[in-house]
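As you go down the protein sequences, you meet chains X and U in turn.
Under our numbering, the residue at position 17 of the first sequence is numbered 17, and the numbers go up by one with no gaps.
Basically our numbering = 1-based index in the second sequence + 130.
Note that CB positions come from ideal geometry on N, CA and C, so glycine has one too.
Quantities reported herein were computed from a predicted structural model and do not represent experimental measurements.
Protein chains: 2
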Amino acid sequence: MAFLPKFDSAGLVTCVTTDAVSGDVLMVAHMNDEALRKTIATGEAWYFSRSRNALWRKGESSGQTQRVVEMRTDCDQDAVWLRVEQRGAACHTGRHSCFYRKVEMAGEGGARLVFVDADRLFDPAAVYRK
Amino acid sequence: MAFLPKFDSAGLVTCVTTDAVSGDVLMVAHMNDEALRKTIATGEAWYFSRSRNALWRKGESSGQTQRVVEMRTDCDQDAVWLRVEQRGAACHTGRHSCFYRKVEMAGEGGARLVFVDADRLFDPAAVYRK
Numbered sequence: 001m002a003f004l005p006k007f008d009s010a011g012l013v014t015c016v017t018t019d020a021v022s023g024d025v026l027m028v029a030h031m032n033d034e035a036l037r038k039t040i041a042t043g044e045a046w047y048f049s050r051s052r053n054a055l056w057r058k059g060e061s062s063g064q065t066q067r068v069v070e071m072r073t074d075c076d077q078d079a080v081w082l083r084v085e086q087r088g089a090a091c092h093t094g095r096h097s098c099f100y101r102k103v104e105m106a107g108e109g110g111a112r113l114v115f116v117d118a119d120r121l122f123d124p125a126a127v128y129r130k
Numbered sequence: 131m132a133f134l135p136k137f138d139s140a141g142l143v144t145c146v147t148t149d150a151v152s153g154d155v156l157m158v159a160h161m162n163d164e165a166l167r168k169t170i171a172t173g174e175a176w177y178f179s180r181s182r183n184a185l186w187r188k189g190e191s192s193g194q195t196q197r198v199v200e201m202r203t204d205c206d207q208d209a210v211w212l213r214v215e216q217r218g219a220a221c222h223t224g225r226h227s228c229f230y231r232k233v234e235m236a237g238e239g240g241a242r243l244v245f246v247d248a249d250r251l252f253d254p255a256a257v258y259r260k
């Protein structure tokens, strides 16, 4: 059975990346054909940045790389699930996961954010300065 | 801290839904403002179907509903992570998760799909016939 990813009009599939140990969702990102190929070939996570319009090896600036334990695809092959060993933190804010806040009801149909994990594993200002 | 979802040009955020017990990724879908509000207000998962261009309560046809245990959002608030109690199967093919196949290298840079979980918990032909 061939892997035939169904790219959207921008040439991308959605990628969900989880921590292979804890199961936590670390991040949601996108991959183009080249990012998929490089991820499969190297066993390291590569993505495509929509804001920078560029291929991107996870951790190339921060050192916070992701080793792929397993890659899956969904029923219609327009999404990919990576289970990874995360080195350090996945989030550019320095948190282990990008999903470090939960959404809680706040009356009148509103909602507020509450920190689940505020700890920073690195200092973004130090890591990303050029 | 207010929850201020960052909708894309189509008015959607990406939603990753995981099984609160196993941690498995069940599905990737989208939510518009109304789907988010209804999910928060009712504690049941609502999505927006891009193919049908319609709001959709998960399980309204199949009975395979999702009770929300926790909702999180990511660093830039353009994605949501739902941890749910899945009743039956999340996938329209009858499998528990939409991610029932893994992607494996197949030499020459190619890749093939291998079933991780082929079992169907319901018969789609019976459930979705009108």
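For Ala90/X, the nearest beta carbon of chain U is not closer than 7 Å to its own beta carbon. Of all alpha-carbon atoms in Glu190/U, Arg167/U, Met131/U and Leu212/U, the one lying nearest the alpha-carbon of Val155/U is that of Leu212/U. Ala54/X has Ser49/X as its beta-bridge partners, per DSSP.
Taken atom to atom, the span from the alpha-carbon of Leu36/X to that of Glu70/X is near 13 Å. Against chain X, the beta carbon of Ala241/U has neighbours under 7 Å at Phe3 and Ile40, listed in chain order. Look at the beta carbons and you see the region 184 to 198 of chain U not touching the region 119 to 130 of chain X: under three pairs across the two are nearer than 8 Å. Per DSSP, Leu166/U is one residue of the alpha helix (DSSP H) stretching across Asp163 to Thr172. DSSP places Ala90/X in the coil class of the three-state scheme, outside both helix and strand. The criterion of a C-beta distance shorter than 7 Å is satisfied by Arg112/X and Met131/U. Under the 7 Å criterion on CB atoms, Trp186/U is classed as non-interfacial with respect to chain X.
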